[in-house]
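Heads up: take any position in the sequence shown, counting from 1, add 23, and you land on the working numbering. Note that beta-carbon positions come from the ideal geometry of N, C-alpha and C, so glycine has one too. Heads up: the structure comes next, in structure tokens.
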Amino acid sequence: APPVRGSVELRGVRFGYADGPDVLRGLDLVVPAGQTHAVVGSTGAGKSSLLRLVLRFSDPREGQVLLDGTDVRELGWDALRGAIGYVSQDVFLFHGTVRDNLAYGRVDATDEQVQEAARQAEAHAFITALPQGYDTVVGERGQTLSGGQRQRIALARAILRDPALLVLDEATSAVDTETEAAIQRSLAAVTASRTALVVAHRLSTVRDADRIWVLADGRVAEAGSHDELVEAGGIYAGLWAV
Ligand code: GTP
């Protein structure tokens, strides 16, 4: 099997928007290839800003963002897009069939590949229960699907593109426990063979992560496994009231 790729490293990253103040103030973080790491922190801590830098939607004021050891500023856009699968909170669905939405970015995919990806993402069952199954047309903003269903479509879409690194901004919207369990199984399948960096809002996601980074005031305040951080009794323990 080919080596697992998708390692991420932030070295001394300082970042702010336009001429605004620093939002990230000297951030150091490493996600080794093959691991799943979670980023948590209160509102405004800089979680989404961190993801923006990895995706190169923005560049740091100081410091470096490395993907597999190469500064993302030195990677071409095609290499960067090919290596990273991004699932945002606000899943982008266009007016078209579920199948076409799944195959976005992989128009060459066969029906078998599309359905296999949907199965892995725990999306196959609800798709086949739709009036026209995979041929069901979803609206421009996917209103016919729930938030949890939209995220599973986006995860299936990411599986189809087979990126080395999955960057996920977990949806904050409340879902029932059954949907949460389905999303969790989906996430576990997607991250089993690749590297993942997740802004996590659900306890189940955070618990399962190899390492959790707790951001506060634009810095890493704590890092460790769920058990380690609970034991430490700091910000993390308070965030989840565990
Ligand atoms: P939540 O998504 O609310 O959990 O917060 P977060 O931890 O993801 O923080 P985020 O990175 O979104 O924001 C960090 C700081 O940057 C906050 O003070 C925001 O107000 C600010 N910020 C975020 N996006 C922008 C932007 O597009 N422009 C400007 N000027 N500031 C921004």
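Endpoints, the beta strand (DSSP E) within which residue i is located
| i | result |
| --- | --- |
| leucine 98 | Careful: leucine 98 lies outside any beta strand (DSSP E) and carries neither H nor E. |
| glycine 86 | 85 to 90 |
| arginine 75 | Taken as a continuous stretch (DSSP letters only), arginine 75 belongs to no beta strand (DSSP E), being part of the alpha helix (DSSP H) at 70 to 77. |
| histidine 60 | 59 to 63 |
| alanine 148 | Counting along the chain, alanine 148 falls outside any beta strand (DSSP E), though it belongs to the alpha helix (DSSP H) covering 147 to 151. |
| tyrosine 157 | Neither: tyrosine 157 is in no beta strand (DSSP E) and is coded neither H nor E. |
| tyrosine 40 | Neither: tyrosine 40 is in no beta strand (DSSP E) and is coded neither H nor E. |
| threonine 218 | 218 to 222 |
| leucine 188 | 188 to 192 |
| alanine 239 | 234 to 239 |
| threonine 47 | Just to set this straight, residue 47 is leucine in the shown sequence, not threonine. Counting along the chain, the beta strand (DSSP E) containing leucine 47 begins and ends at 45 to 54. |
| valine 110 | 107 to 110 |
Boundaries of the alpha helix (DSSP H) in which residue i is found, first to last residue
| i | result |
| --- | --- |
| tyrosine 259 | 258 to 263 |
| valine 130 | It is not in any alpha helix (DSSP H) - valine 130 carries neither H nor E in the DSSP assignment. |
| arginine 180 | 170 to 184 |
| aspartate 250 | 249 to 255 |
| threonine 214 | 200 to 214 |
| aspartate 231 | 226 to 231 |
Counted within 10 angstroms of its Cβ, other Cβ atoms place residue i as buried (16 or more) or exposed
| i | result |
| --- | --- |
| tryptophan 236 | buried |
| arginine 84 | exposed |
| arginine 175 | buried |
| threonine 200 | exposed |
| phenylalanine 117 | exposed |
| threonine 66 | exposed |
| glutamate 135 | exposed |
| valine 137 | buried |
| aspartate 42 | exposed |
| alanine 255 | exposed |
| threonine 133 | exposed |
| aspartate 185 | exposed |
| serine 196 | exposed |
| valine 130 | exposed |
| glutamate 214 | According to the sequence provided, residue 214 is threonine. The question's glutamate does not apply to it. When all chains shown are included, threonine 214 counts as buried. |
| glutamine 155 | exposed |
| glutamate 12 | Missing from the structure shown is residue 12; the chain here goes from 24 to 265 and no further. |
| alanine 148 | exposed |
| glycine 35 | exposed |
| glycine 69 | buried |
| alanine 24 | exposed |
| alanine 141 | buried |
| alanine 152 | exposed |
| valine 265 | Residue placement at valine 265 cannot be trusted, given a pLDDT of 48 that sits under 50; what the coordinates show is reported in the next sentence. By the neighbour-count rule (16 or more Cβ atoms within 10 Å), valine 265 is not buried but exposed. |
Nearest-angstrom Cβ-Cβ length linking residue i and residue j, presumed shorter than 8 Å
| i | j | result |
| --- | --- | --- |
| glycine 128 | arginine 180 | 7 Å |
| arginine 230 | glycine 247 | At roughly 13 Å, the Cβ-Cβ gap does not stay under 8 Å, so arginine 230 and glycine 247 are not in contact. |
| glycine 241 | valine 46 | 5 Å |
| alanine 106 | alanine 187 | 5 Å |
| arginine 217 | leucine 189 | 6 Å |
| alanine 244 | leucine 252 | Contact flag wrong, Cβ pair sits at about 10 Å. |
| leucine 73 | leucine 50 | 7 Å |
| tyrosine 40 | leucine 78 | That belief does not hold up - the Cβ atoms of tyrosine 40 and leucine 78 are roughly 15 Å apart, past 8 Å. |
| glycine 86 | arginine 37 | 6 Å |
| alanine 223 | valine 63 | 6 Å |
| alanine 56 | glycine 92 | Contact doesn't hold; Cβ gap of about 10 Å is too wide. |
| alanine 219 | threonine 59 | 4 Å |
| serine 227 | glutamate 203 | 6 Å |
| aspartate 158 | arginine 122 | 7 Å |
| glutamate 32 | leucine 125 | Their Cβ separation, rounded to whole angstroms, is 32 Å, which puts glutamate 32 and leucine 125 out of contact at 8 Å. |
beta-carbon residue i near ligand 2 non-hydrogen atom, thresh 6 Å
| i | result |
| --- | --- |
| leucine 168 | The model on display carries ligand 1 but not ligand 2. |
Neighbour flag for residue i against chain B, beta carbons, 7 Å
| i | result |
| --- | --- |
| tryptophan 236 | Included in the structure is just one protein chain, with no chain B present. |
| task | Measuring from each Cβ to the nearest heavy atom of ligand 1, keep the ones under 6 Å and list them in chain order. | result | Matched residues: Tyr40, Ala41, Gly43, Val46, Gly64, Thr66, Gly67, Ala68, Gly69, Lys70, Ser71, Ser72.
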